[in-house]
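Undergrad: Pasting a structure below so you can have a look.
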Amino acid sequence: MQYISEIDQLPGYPSIDTEVLRTFVAIADQGGFTRAGEVVNRTQSAVSMQMKRLEEDVLQRKLFERDGRQVRLTPEGQVLLGYARRILKLHSEVFNTLREPHMVGLVRIGTPDDYVMRFLPGILKRFSQAYPLIQIEMHCEASTVLMQRRDLALTVISREPGNEIGELLRTEPLVWVASPCFCADEHEALPLAVSGVDAFCTQWTCAALDAAGREYRLAYHSSNVAAIQAVVSSGLAVMASMESLVTEDLRVLGPEDGFPPLPSMNLRLLRNPAMSSPITECLAEYILEGFKL
């Protein structure tokens, strides 16, 4: 304790409260003192006073340039922002590690690989910042096998009554997509690209085409979504996709193109009761909250 006291008294090493740094980061992120005050639950005048003391008494550097109601960081402010984010991250890690030492271990998540880049990056980033000692193991597989030896799974199921298991994360339409150069009229039997013969999506697309009396063939199938998308982008086949996963190089096909409507899909979170732990339950809550943002 004596050593710490001596360090605190050294000239040139003033301390900066983490709450002041949190306010500073909020100003940088929100672009103004008033909006930052709403984030940190302080009045605009209290925020201004904090920053005045930080600029004039602690750092003796100008951190902000004001343009009307907008606030921009000076070069010195940009430097401080980088340090502030790192300090707050370490501060959070210390408290989460020491206050919740049981939050150490491994979580296994199963998900179709096309959902990983679309839905999970922000959620996993926030979770890893809060619980840096938890290891996450990703398994990208078809929905039919996701819960095998997995703690959690993101999966799609139909909206048929009685088949609604797990916790609903998102509902959106399933649509037909193809390359702009693909011409369905050139094919006697419509070539389909599917992620798996037994996959839910394949069953629904085949059922829709059967009901419409449209001839088709399963021309390409692979568990690798990137491979399927490459085939479709090349104009060799059509596929069904969640609307939010349609890339810019593909076009949506509808009734005007001779394609029957497809059902909506439910993206759901499944928890494995046999693998339940404080770690898995915590990540499950992060996932549920992340889909509300």
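In my numbering, the protein residues as written are 4 to 296. Note that the Cβ used here is the ideal one computed from N, Cα and C, for glycine as well.
If distances are taken between C-alpha atoms only, which option among Glu218, Glu259, Ala287 and Thr250 comes closest to Ala233?
TA: Thr250
Undergrad: When you compare only the Cα positions, how much space is there between Ser279 and Arg56?
TA: Spanning the two alpha carbons is a distance of roughly 48 Å.
Undergrad: Distance, Cα to Cα, Cys184 vs Met268?
TA: Straight-line measurement puts the Cα of Met268 at about 27 Å from the Cα of Cys184.
Undergrad: Buried or exposed: which applies to Ile168, given that a residue is buried once 16 or more other Cβ atoms fall within 10 Å of its Cβ?
TA: exposed
Undergrad: In chain order, what residues of the same chain have a beta carbon less than 7 Å from the beta carbon of Glu79, not counting five sequence neighbours either side?
TA: Arg64, Lys65 and Leu66
Undergrad: Identify, in the order they occur along the chain, each residue of the same chain with its Cβ nearer than 7 Å to the Cβ of Ile139, setting aside the five sequence neighbours on each side.
TA: Val110, Ile112 and Leu127
Undergrad: Go ahead and pull the three-state DSSP assignment for Ile7.
TA: For Ile7, the predicted model reports a pLDDT of 38, less than 50, meaning its position is unreliable and no value from the coordinates is stated.
Undergrad: One question on the structure: do Gln53 and Thr77 come within less than 8 Å of each other, judged by their Cβ atoms?
TA: no
Undergrad: Would you kindly check if the distance between the Cβ of Ala181 and the Cβ of Gly261 is under 8 Å?
TA: no
Undergrad: Report the option in Val28, Cys209, Tyr289 and Asn227 whose CA atom is closest to the CA atom of Val74.
TA: Val28
Undergrad: Report buried or exposed for Phe36, applying the criterion of at least 16 other Cβ atoms within 10 angstroms of its Cβ.
TA: Counting the other CB atoms within 10 Å of its CB gives Phe36 a total of 16 or more, which places it among the buried residues.
Undergrad: For Cys143 and Arg45, what's the separation of their Cα atoms in angstroms?
TA: Those two C-alpha atoms are separated by around 44 Å.
Undergrad: Any idea if Pro194 is buried or exposed, counting beta-carbon neighbours within 10 angstroms, 16 or more meaning buried?
TA: Buried, because 16 or more other Cβ atoms sit within 10 Å of the Cβ of Pro194.
Undergrad: Which one or two residues does DSSP pair with Gly220 in a beta bridge?
TA: With the sequence shown as reference, residue 220 is identified as Arg, and Gly is not the correct amino acid for it. In DSSP, Arg220 forms a bridge with Pro194.
Undergrad: When DSSP builds the beta bridges, which residues end up paired with Cys143?
TA: Thr114
Undergrad: Label Ser18 either buried or exposed according to how many other C-beta atoms from any shown protein chain fall within 10 Å of its C-beta, with 16 as the threshold for buried.
TA: exposed
Undergrad: What residue does the alpha helix (DSSP H) around Val28 start on, and which one ends it?
TA: Thr21 to Gln33
Undergrad: Quick one: using the 10 Å Cβ neighbour count with 16 as the cut-off for buried, is Leu93 buried or exposed?
TA: exposed
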